[in-house]
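Engineer:
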Amino acid sequence: MLQKTRGIALSYIRYRETSIIARIYTEEFGLQSYIVNSVRTARSKNNRIALFQPLTLLDMVVYHKNDRDLHRISEVKTIQPFQSLPFDVAKSTIAMFVTEMLNKVLKEEASSPVLFRFLIDSILFLEEASVNFENFHLAFLLKLSFFLGFGPESDREFESQLRENSYPFLPDKEVETALNIMLKRPLGTPVKLTRTVRNDLLDALVAYYQIHIDSIGEVKSLPVLREVLG
Numbered sequence: 100m101l102q103k104t105r106g107i108a109l110s111y112i113r114y115r116e117t118s119i120i121a122r123i124y125t126e127e128f129g130l131q132s133y134i135v136n137s138v139r140t141a142r143s144k145n146n147r148i149a150l151f152q153p154l155t156l157l158d159m160v161v162y163h164k165n166d167r168d169l170h171r172i173s174e175v176k177t178i179q180p181f182q183s184l185p186f187d188v189a190k191s192t193i194a195m196f197v198t199e200m201l202n203k204v205l206k207e208e209a210s211s212p213v214l215f216r217f218l219i220d221s222i223l224f225l226e227e228a229s230v231n232f233e234n235f236h237l238a239f240l241l242k243l244s245f246f247l248g249f250g251p252e253s254d255r256e257f258e259s260q261l262r263e264n265s266y267p268f269l270p271d272k273e274v275e276t277a278l279n280i281m282l283k284r285p286l287g288t289p290v291k292l293t294r295t296v297r298n299d300l301l302d303a304l305v306a307y308y309q310i311h312i313d314s315i316g317e318v319k320s321l322p323v324l325r326e327v328l329g
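Just so you know, the sequence shown maps onto residues 100 to 329 in the working numbering.
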């Protein structure tokens, strides 16, 4: 049955000689996998494989059946072509990390329009921001944790949960203030952090997610993110 939905491309794997299986978080159906034929050829129309690069925002018409794990796409186009996110080194590195985390935490379950709206708004902020995005990944993880059911109400709760699980997190007043700003204020609210503090907070946030989601495991994009943004 043909259905319309918006989607956020997360990843894809090669399938047979010219096709891919794309993993897409959709507004209507949650996380889904789609077979996309003939996109890995020189004759592929308008470089269609670019539509499935991480975090690309999509308008789709899909064949959807509830009893299937793999679906097909009838029509697809981008909602808003990116002008900066794939080309700015800092932004593309953040996008790589965010995509890896989303691939780890989003599950094949019912749709969540509120979560989808948050993700769309966050991606568009990162695409359009010219300043104050260096802490985007930290604020994003904190805010995403509420949609996943384990968001901390304050810096003290965040610190307490880490300590209870034997993670050595000892924030000073500056870090506590930064955490509360990122918890309670919009994305892009300026927060001054040194390179060392930003890295320490990043490690603490990943550890916090690992406490609540067993399947996270190693985050391969972390070393690159630390190097580029620090």
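Heads up, the beta-carbon is just placed ideally off N, CA and C, and yes, glycines get one too.
#1: Output the residue ranges of the beta strand (DSSP E) runs that lie fully inside the region 128-193 and measure 3 residues or longer, sorted by chain position.
#2: May I have the straight-line CA-CA distance separating Leu156 from Tyr114, to the nearest angstrom?
#3: Anyone know if the C-beta pair for Asp158 and Arg122 falls short of 7 angstroms?
#4: Taking three-plus beta-carbon pairs below 8 angstroms as touching, is the region 193-202 in contact with the region 236-249?
#5: Between the beta-carbon of Leu109 and the beta-carbon of Leu201, is there less than 7 angstroms?
#6: Can you give the Cα-Cα distance for Asp302 and Gln309, rounded to whole angstroms?
#7: Between which two residues does the alpha helix (DSSP H) carrying Ala238 extend?
#8: To the nearest whole angstrom, what separates the beta carbons of Ala189 and Leu328, a pair I think is in contact under 8 angstroms?
#9: What residue range is occupied by the uninterrupted alpha helix (DSSP H) comprising Ile119?
#10: Could you tell me whether the Cβ atoms of Glu275 and Phe268 are closer together than 7 angstroms?
#11: Measuring only the C-alpha atoms, how far is Pro212 from Gly129?
#12: Please name the residue, chosen from Thr125, Ala277, Ile315, Glu317, that lies closest to Ile219 on a Cα-to-Cα basis.
#13: Looking only at DSSP bridge pairs, what is Gly106 linked to?
#14: Out of Leu261, Glu127, Ser118, which has the shortest C-alpha to C-alpha gap to Ile134?
#15: I believe Phe224 touches Leu184 by the beta-carbon criterion, under 8 angstroms. Please report the beta-carbon distance rounded to the nearest angstrom.
#16: Quick check on this structure: which residue in Val230, Asp168, Tyr162, Lys103 has the alpha carbon closest to the alpha carbon of Glu207?
#17: Counting only the same chain and skipping the five closest in sequence on each side, list residues whose C-beta sits under 8 angstroms from that of Glu263.
Structural biologist: Quick answer:
#1: 129-135, 156-162, 169-177
#2: Straight-line Cα distance between these residues: approximately 22 angstroms.
#3: no
#4: yes
#5: yes
#6: Separation of Asp302 and Gln309 (C-alpha to C-alpha, rounded to the nearest whole angstrom) is 11 angstroms.
#7: 235-246
#8: 6 angstroms
#9: From DSSP, Ile119 is part of no alpha helix (DSSP H) but of the beta strand (DSSP E) over 118-125.
#10: Between Glu275 and Phe268, the CB-CB gap reaches or exceeds 7 angstroms.
#11: 9 angstroms
#12: Of the candidates Thr125, Ala277, Ile315, Glu317, the one whose C-alpha sits nearest the C-alpha of Ile219 is Thr125.
#13: Thr125, Leu157
#14: Ser118
#15: Rounded, the Cβ-Cβ distance is 11 angstroms, inconsistent with contact.
#16: Asp168
#17: none
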